[in-house]
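Protein chains: 2
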Amino acid sequence: MKLLSRQEEIVLLSIWRLGGEAYGVTIREYISKITGKYWSIGSIYVPLDRLIEKGYIDYYFKDITNRKGGRRKRYYNLSSPGMDALQEARELQNSLWQGFPDFAIKK
Amino acid sequence: MKLLSRQEEIVLLSIWRLGGEAYGVTIREYISKITGKYWSIGSIYVPLDRLIEKGYIDYYFKDITNRKGGRRKRYYNLSSPGMDALQEARELQNSLWQGFPDFAIKK
DNA sequence: GCAATATTTTCTATAAAATAGAATAACTTG
DNA sequence: CAAGTTATTCTATTTTATAGAAAATATTGC
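Structure (structure tokens):
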């Protein structure tokens with residue numbers, strides 16, 4: 003199986019983190035906040051589409067809307083293969099980083 | 003600062019792991035072993051070149067040779083910015099994965 | 001010395017992923 | 001239904017990843 007790319011890892015984890023509240027805008031906000039940098043619209047939606055193609059996530063539309071405008075929100079869920087891919091990524095990371103010095107206090 | 007790509011992370015960590023023994027071939031062997039998959043020659047040397055350009059690693063030639071053929075081996079070292087980039091990648095990962103369920107026994 | 005052989009890196013081409021943001025769609029309110 | 005707002009789709013460009021042939025350079029044996 004191919005390794006998860008960085009952006010795939012981040013997007014999958016943000017969907018996991020956001021639980022039932024994961025759609026384009028909240029995902030983008032979360033990623034911007036946790037990484038501390040700017041993410042364009044495309045840099046969120048393009049990987050989302052690819053993750054759907056790969057079967058790592060699925061989605062549904064929630065029609066309840068209490069806010070003003072906007073299209074239907076597309077809510078994402080991790081699929082079972084998506085969870086497996088994350089698990090596998092984690093195991094690789096554990097091996098790779100094993101013993102790496104931890105500079106607890108930084109800056 | 004831009005995030006490290008997956009392959010950059012892996013290559014940097016393998017140089018760190020191999021200490022004074024990091025050159026193209028040993029890096030490739032290490033990465034193949036730890037990931038359990040095939041890596042072409044280009045998939046090692048191309049990111050190495052880019053990491054040099056970015057200043058994350060530097061290199062020197064060791065002329066001592068006791069093996070049969072081959073060009074001069076190019077040995078790589080992590081630079082200080084390279085170490086910083088790793089540290090930053092790790093901090094992001096810690097945030098992202100915080101609380102992720104750990105399936106200790108798998109398969 | 002030099003042909004044969006082995007090892008390592010350089011080079012170049014192609015595919016995949018990341019990034020950017022304009023355009024489009026769709027919902028609410030008045 | 002027009003105006004205003006929010007969300008996604010679409011498309012183009014840049015950057016990374018991947019592959020492996022070609023070139024370079026070393027040792028061995030005659």
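If you read the protein sequences in the order shown, they are chains A and B.
Going letter by letter, the first sequence gives residues 3 to 109 in my numbering.
Going letter by letter, the second sequence gives residues 3 to 109 in my numbering.
We treat Cβ as the ideally placed atom computed from N, Cα and C, and that holds for glycine.
Being a predicted model, the structure only gives us computed values, none of them experimental.
Could you spell out where the alpha helix (DSSP H) holding residue i opens and where it closes?
i: residue 51(B); result: 44-55
So the beta strand (DSSP E) residue i belongs to, where does it begin and stop?
i: residue 19(B); result: From DSSP, residue 19(B) is part of no beta strand (DSSP E) but of the alpha helix (DSSP H) over 8-20.
Could you check whether the Cβ of residue i sits closer than 8 Å to any Cβ belonging to chain A?
i: residue 109(B); result: With a pLDDT of 47 at residue 109(B), under the threshold of 50, the modelled position of this residue cannot be trusted; read the value that follows with caution. No, no contact with chain A.
i: residue 28(B); result: no
i: residue 41(B); result: no
i: residue 63(B); result: no
i: residue 59(B); result: no
i: residue 110(B); result: It is not possible to answer for residue 110(B), since the shown part of chain B is limited to 3 through 109.
Determine the contact status of residue i and residue j, defining contact as a CB-CB distance below 8 Å.
i: residue 15(B); j: residue 98(A); result: yes
i: residue 40(A); j: residue 78(A); result: no
i: residue 43(B); j: residue 33(B); result: no
i: residue 100(A); j: residue 95(B); result: no
i: residue 58(B); j: residue 84(B); result: yes
i: residue 17(B); j: residue 80(B); result: yes
i: residue 20(B); j: residue 87(B); result: no
i: residue 63(B); j: residue 74(B); result: yes
Tell me, please, which residues DSSP counts as bridged to residue i.
i: residue 80(B); result: 59(B)
i: residue 142(A); result: Outside the modelled stretch of chain A, which goes from 3 to 109, sits residue 142(A), for which no answer is possible.
i: residue 39(A); result: Answer is none; residue 39(A) lacks a bridge partner.
i: residue 64(B); result: 75(B)
Return no unless some Cβ of chain B is closer than 8 Å to the Cβ of residue i.
i: residue 5(A); result: yes
i: residue 102(A); result: yes
i: residue 12(A); result: yes
i: residue 36(A); result: yes
Within 7 Å: the Cβ of residue i and any heavy atom of the ligand PLP?
i: residue 57(A); result: This structure lacks the ligand PLP; in fact it carries no ligand of any kind.
Are there three or more Cβ pairs, one per stretch, closer than 8 Å when the region 8-24 of chain B is compared with the region 80-93 of chain B?
-> yes
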